[in-house]
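From first to last, the protein sequence lines are chains U and F.
The first sequence lines up with residues 1 to 377 when you count with the UniProt record's numbering.
The second sequence lines up with residues 1 to 114 when you count with the UniProt record's numbering.
Ideal Cβ positions, reconstructed from N, Cα and C, are used throughout, including at glycine.
Remember, predicted model here, so these are calculated numbers, not experimental data.
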Amino acid sequence: MSSTQAPPAAAHVAHDDHHDHPAHLAHHFDDEEQQFDAGKLGIWLFLVTEILFFSGLFCAYSIWRHEHPEVFLYSHYYLSTFWGALNTCVLLISSLTAAWAVRTAQLGDNRKTALLLGLTILCAFGFLGIKSIEYGGKFAHGTGPGKFFNPHPEHMIVTAENYTVLVGHAGHMAEGRLAEMQAEHPEEFDALFHESREHVLEEALAAKAASMSTEKDPVTVADLSDAVRAEVEGAIDADHAAHGHGFEAHAAPEAHVPGAHGHEGDVHAADAHESSAEVEHSRIEKAMLHHESEVVLSEYEERPASVRTFFSIYFAMTGLHGIHVVAGIIAIGWVMRRAMRGEFNPGYFGAVDYVALYWHLVDLIWIYLFPLLYLIH
Amino acid sequence: MSHDEHGFAHVMSIKMLIGVWAALMILTGITVWSAQHHFGALDLPIAMGIATFKALLVALFFMHLKYDRPFNGLIFLASIIFAGVFVTISMMDTGQNQGAIQELRTATGTTADG
């Protein structure tokens, strides 16, 4: 008897389940809220693993930047702030549409949810499109990751097309650096001043000697009388007294140093340089500027060791992020299809919320990648 | 929870969504602008400060953490703390082996890109 009683009881329970549970509520949950909370906890745990996953790359980045700040400073001129900023905006728009889709799903408006998720996917494709333009440029310039790092000389920072602009910058930057030196390291500044004065004096004496020479009677610097020397020296100091007005600090001309692409910014910086060149400096100051410009140029001509590693880190970080964008497109596409079928309602919108949370995390990671890779100074 | 008319869902108003988005866009503009100006040693802290403020806006509002069960926020916070521990401890010995690397480079004649 006991064995025959069991089946009807089990059937009764099963029947009750179907009676109380809406189709979208899984058997093992008491109610919709419990089902939603369980799913939400699950997606949050997944996001935690994602953060720890990315933290390995952020760790590599931190160690490398700490060890080799000069590599990062040098390499970031190859990255376009414009494309990076545009991609940030595209991702922020997609985050807005994703968050908005959660709202419409919560209100049971499946049509709007599908539309907003569609816009999110569109932005995701836009992001990948911009990323592929950037990646294409990197490979075209030979600044790929690992073994693909073989920069073509004509695309290096100091190149034929960029060189004249850089020379302009060098003069402009030299002025700012001298102003800074004068304020912060007066003893260095004085040493450079005296060195430059000696240099100008030597040149002037040589010129004086040459002007006094005739074919029959060559005059060398050593032949000049003390009176002539004093006269030349006096002229240089008088020139400095008349024209010397020190150096002016300029606002960050480095920000416009040409990258591999040559942006509009270069033109503005070049203009700024021309306007500053109108200011007349004394001969000693010109010599100081010339010296400092040479220093600036030598800094840019010399590619620091291990620039390759910057591009490996850049490709690893943005590449892993890009793979997440692709995964996001697939996941959001799947939820969009479900919205088109009208599956969501105020008691059942978890799937929309979960893919949106994932998408926001992808955005969150980009919020850090953008300043860390594109805005280095 | 608080909004009975929508069951357990917390529905964000459109005004709030667009407001948060606009704030994020403005902060992006500020971070690009600040990168064009030099603040010396403060450059990185400023950029990271703005990024963290943006991340907070996304987490609290777009990701609903402000209205969510606190436990979800707690595990999220825990992951960030552990990521911080990971990076901090990993960075403790940076610089320790640079001399050896430089010696090796000199010895083997490795120059750029090694």
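Given a cut-off of 9 Å, decide if Thr49(U) and Thr28(F) are closer than it, judged by their beta-carbon atoms.
Their beta carbons are not under 9 Å apart, which means Thr28(F) does not touch Thr49(U) by this criterion.
Alpha carbons only, please: which of Ala99(U), Ala206(U), Asp226(U), Gly136(U) is nearest the one belonging to Thr220(U)?
Per the Cα distances, Ala206(U).
Within the continuous alpha helix (DSSP H) that includes residue 127(F), where are the two ends?
No information on residue 127(F) is available, as it lies outside the stretch 1 to 114 that chain F covers here.
Would you call the CB atoms of Phe328(U) and Val296(U) closer than 9 Å?
Correcting the residue type first, residue 328(U) is Gly in the shown sequence and not Phe. Contact: no.
Whole angstroms are fine: how far does the CA of Val352(U) sit from the CA of Ile121(U)?
Roughly 13 Å between the two C-alpha positions.
Relative to the alpha-carbon of Ile50(F), which residue among His10(F), Phe61(F), Met25(F), Asn72(F) has its alpha-carbon at the smallest distance?
Considering only alpha carbons, the answer is Met25(F).
Please return the same chain residues whose Cβ sits closer than 6 Å to the Cβ of Asn97(F), not counting the five positions on each side in sequence.
None.
Look up Ala251(U) in the DSSP assignment and say whether it is helix, strand or coil.
Because the pLDDT of Ala251(U) is 47, which lies under 50, any placement of that residue in the model is unreliable, and the number read from its coordinates should be weighed accordingly. DSSP places Ala251(U) in coil when its eight states are reduced to three.
Could you tell me whether any Cβ in chain F is nearer than 9 Å to the Cβ of Phe189(U)?
No, no contact with chain F.
Specify the secondary structure class of Thr220(U) as computed by DSSP and reduced to three states.
Coil.
Is residue 413(U) buried or exposed, if buried means 16 or more other CB atoms sit within 10 Å of its CB?
It is not possible to answer for residue 413(U), since the shown part of chain U is limited to 1 through 377.
Below 9 Å between beta carbons: does that hold for Tyr368(U) and Ala55(F)?
Closer than 9 Å, so yes.
Give the DSSP bridge partners of Thr143(U), in chain order.
Looking at the DSSP assignment, Thr143(U) forms a beta bridge with Phe149(U).
Using 9 Å as the limit for Cβ to Cβ distance, is Ala183(U) near chain F?
Output row for Ala183(U): interface = no.
Considering only the alpha carbon of each residue, which of Ser225(U), Lys216(U), His199(U), Ala183(U) lies closest to Phe247(U)?
Among Ser225(U), Lys216(U), His199(U), Ala183(U), the Cα nearest to that of Phe247(U) is on Ala183(U).
Gln98(F) versus chain U: which residues are under 7 Å apart at the beta carbon?
Within chain U, the residues near Gln98(F) are Glu67.
Among Val335(U), Ile323(U), Phe311(U), which residue has its Cα nearest to the Cα of His141(U)?
If we check each option's Cα against that of His141(U), Phe311(U) comes out closest.
From His281(U) to Lys208(U), what distance separates their C-alpha atoms?
So the alpha carbons of these two residues sit roughly 22 Å apart.
Could you list the residues in the stretch 33–48 of chain U with a C-beta less than 8 Å from some C-beta on chain F, going in chain order?
Listed by position, the residues of the stretch 33–48 of chain U near chain F (Cβ gap below 8 Å) are Glu33, Phe36, Asp37, Lys40, Leu41, Trp44, Leu45, Leu47, Val48.
Do you know whose CA, among Arg103(U), Phe46(U), Phe193(U), lies nearest Met16(F)'s CA?
It is Arg103(U).
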